[in-house]
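Numbering (the numbering used here), first residue to last: 203 to 292.
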């Protein structure tokens with residue numbers, strides 16, 4: 203319930219309000235075991251807030267990146283990040 207209220211519901215509102223045909227994620231194959239088959243571009247049939255089925259493309263540009271790749275990119279390009287990562291939080 204918490205994940206739906208804090209992540210899924212706001213995303214569905216935004217996708218619906220914008221009438222989005224695609225959305226971009228930061229998901230990577232290396233994150234979880236169930237993501238090992240993740241593709242760079244997926245066809246996603248996401249339920250809308252009113253229980254209608256909406257089909258969109260889900261684009262995963264970081265699909266083949268490792269955590270080390272992400273941090274190398276952050277450091278090489280001086281991208282701001284939460285300083286709690288420096289204290290060991292993930």
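Quick reminder that beta carbons are idealized off the backbone N, C-alpha and C, glycines included.
Quick caveat: nothing in here was measured; it's all calculated off a predicted structure.
Check: Are residue 276 and residue 226 closer than 8 Å when you measure CB to CB?; Outcome: no
Check: Give a yes or no on whether the C-beta atoms belonging to residue 269 and residue 228 are separated by under 8 Å.; Outcome: no
Check: Hey, is residue 276's beta-carbon within less than 8 Å of any beta-carbon in chain C?; Outcome: The question asks about chain C, but that chain is absent: this structure has only one protein chain.
Check: Leaving aside the five residues before and after residue 224 along the sequence, list all residues of the same chain whose C-beta is less than 8 Å from its C-beta, in chain order.; Outcome: 258, 259, 260 and 261
Check: Rounded to the nearest angstrom, what separates residue 271 and residue 205 at their Cα positions?; Outcome: 27 Å
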